[in-house]
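Residue numbers (numbering that gives the first Met the number 0), protein chains in the order written: chain A, 0 to 145; chain B, 0 to 145.
2 protein chains.
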Amino acid sequence: MSEREVLEVYLRERGQKMTSPRETVLDAFLKLERHVTAEELLAAARRIDPGIGQATVFRTIKLLAEAGLAREACPDDGARRFEHAYRHEHHDHLVCVECGAVVEFKDEAIERAQQAVYRRHGYAPSGHRMELLGLCPDCAKASKRK
Amino acid sequence: MSEREVLEVYLRERGQKMTSPRETVLDAFLKLERHVTAEELLAAARRIDPGIGQATVFRTIKLLAEAGLAREACPDDGARRFEHAYRHEHHDHLVCVECGAVVEFKDEAIERAQQAVYRRHGYAPSGHRMELLGLCPDCAKASKRK
DNA sequence: GTTAAATATGATATTGATAATCATTATCTA
DNA sequence: TAGATAATGATTATCAATATCATATTTAAC
Numbered sequence: 000m001s002e003r004e005v006l007e008v009y010l011r012e013r014g015q016k017m018t019s020p021r022e023t024v025l026d027a028f029l030k031l032e033r034h035v036t037a038e039e040l041l042a043a044a045r046r047i048d049p050g051i052g053q054a055t056v057f058r059t060i061k062l063l064a065e066a067g068l069a070r071e072a073c074p075d076d077g078a079r080r081f082e083h084a085y086r087h088e089h090h091d092h093l094v095c096v097e098c099g100a101v102v103e104f105k106d107e108a109i110e111r112a113q114q115a116v117y118r119r120h121g122y123a124p125s126g127h128r129m130e131l132l133g134l135c136p137d138c139a140k141a142s143k144r145k
Numbered sequence: 000m001s002e003r004e005v006l007e008v009y010l011r012e013r014g015q016k017m018t019s020p021r022e023t024v025l026d027a028f029l030k031l032e033r034h035v036t037a038e039e040l041l042a043a044a045r046r047i048d049p050g051i052g053q054a055t056v057f058r059t060i061k062l063l064a065e066a067g068l069a070r071e072a073c074p075d076d077g078a079r080r081f082e083h084a085y086r087h088e089h090h091d092h093l094v095c096v097e098c099g100a101v102v103e104f105k106d107e108a109i110e111r112a113q114q115a116v117y118r119r120h121g122y123a124p125s126g127h128r129m130e131l132l133g134l135c136p137d138c139a140k141a142s143k144r145k
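Right, here's the structure in full:
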């Protein structure tokens, strides 16, 4: 299923409509690889169709998240950021506190241990957010030089 | 060292001053166990000293975080929340997506695996945020009944 | 203790992100 | 194609957080 079809199915199930602004926002989102703010997405959508309104972008990115096409990345500060969630493997982030560089990773040992935590407390898993903060090799080198 | 002393040392080091509003906010924060918003903290501080200003609370909670007395909890939505960070073991959160119940836990297997991720990418660890989302046993029971 | 320099305070205004409102327009179904 | 329904986009509102600024407090030097 294409992303567009996923959205259409999701909308149909809930009696909502597929529209051209929504398609524009979806296209803009798909073209931007990961970690977009609503503002960036608005700019990108307006490059496709200048008439797109800000409110529509906020509404649509929310829809995309509900439909499983986008997911919210844990915000460091400022505006919320969204990344692709469909046909993109689940992953977590390793972020440099100095320069903001982001490494995406998936660690089986962590995933397994998380499942164990869920079981231990009787919770049914429905996703998680994890962000490891640290100093990247480049910034570590740079600060040593000083 | 008491929390107050930690703050004093931190301030002195940076040529900043220990003041009574700051002490009031600190006291209010210490009395509230975990996950306070700035607004809640303002209300608590005003119970001690009604003259405290909103701006001071925002400024002071930021100071407390910098001094290592508070840390920001990963926000679900709405206002940022802060919890105790000094003489409180590091822990992560397991949150119910339905009722918002929060379980604090620490899992050695996860911690070890995270260290391995840092090593693998050459990052120097400086903390992490992890939030496991799920359905708590009570809410699972309640939704089954329907 | 008094004083001068520096910093902090609190009232207010401002920003910036997001949500609500609402008249108009587009979409879907029959 | 028509009618019911939902979506759009411009605007306004909301809310947390920050900036501004005149006044007050603190600290260190005397």
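Virtual Cβ for every residue (Gly too), placed ideally from N, Cα, C.
Beta-carbon within less than 6 Å of residue i's beta-carbon, same chain only, minus the 5 sequence neighbours each way: which residues are those?
i, result
"Thr55/A", "Pro20"
"Leu63/B", "Ala69"
"Pro124/A", "Tyr117"
Use the C-beta contact count for residue i: other C-beta atoms within 10 angstroms, 16 or more gives buried, fewer gives exposed.
i, result
"Pro126/A", "Reading off the sequence, residue 126/A comes out as Gly, not Pro. Its Cβ having fewer than 16 others within 10 Å, Gly126/A is exposed."
"Gln113/B", "buried"
"Ile47/B", "exposed"
"Thr18/B", "exposed"
"Arg111/A", "exposed"
"Met0/B", "exposed"
"Glu38/B", "exposed"
"Asp137/B", "exposed"
"Gly52/B", "exposed"
"Gly133/A", "buried"
"Ala44/B", "buried"
"Arg12/B", "Note that residue 12/B is Glu in the sequence shown here, rather than Arg. Flag for Glu12/B reads exposed."
"Glu32/A", "exposed"
"Ala27/A", "buried"
Hey, quick one: how far does the alpha helix (DSSP H) through residue i stretch, first residue to last?
i, result
"Arg3/A", "Glu2 to Glu12"
Among residues of its own chain, excluding the 5 on either side of residue i, which ones have a beta-carbon nearer than 7 Å to its beta-carbon?
i, result
"Phe104/B", "His90, Asp91 and Leu93"
"Lys16/B", "Leu10"
"Ala66/A", "Val5, Leu6 and Tyr9"
"Pro74/A", "Arg80"
"Met129/B", "Asp91"
"Lys61/B", "none"
"Gly121/B", "none"
Near residue i, which residues of its chain fall below 8 Å by C-beta distance, leaving aside the five closest residues on each side in sequence?
i, result
"His34/A", "Ala72, Arg80, Phe81, Glu82 and Val101"
"Ser142/A", "Glu97 and Leu134"
"Asp106/B", "Asp91"
"Leu41/A", "Ile51, Gln53 and Val56"
"Ala78/A", "Thr36, Ala37 and Glu38"
"Leu25/A", "Glu2, Arg3, Leu6, Thr59, Leu63 and Leu68"
"Lys30/A", "Ala43"
"Thr23/B", "Ala44, Ile47, Asp48 and Ile51"
"Leu131/A", "Asp91, His92, Leu93 and Val94"
"Ile109/B", "Asp91 and Met129"
Let's see if you can read the secondary structure: which residues bound the beta strand (DSSP E) around residue i?
i, result
"Glu110/B", "Unbroken run through Glu110/B is the alpha helix (DSSP H), Glu107 to His120; no beta strand (DSSP E)."
"Glu103/A", "Val101 to Phe104"
"Glu130/B", "Ala123 to Leu134"
Report yes or no: do the stretch 111-118 of chain A and the stretch 2-17 of chain B share at least 3 C-beta pairs separated by less than 8 Å?
-> no
Decide if the stretch 83-102 of chain B is in contact with the stretch 76-94 of chain A; the criterion is three or more beta carbon pairs, one per stretch, under 8 Å apart.
-> no
In chain order, which continuous runs of the beta strand (DSSP E) of length 3 or greater are located wholly inside the stretch 18-91 of chain A?
-> 69-72 and 80-83
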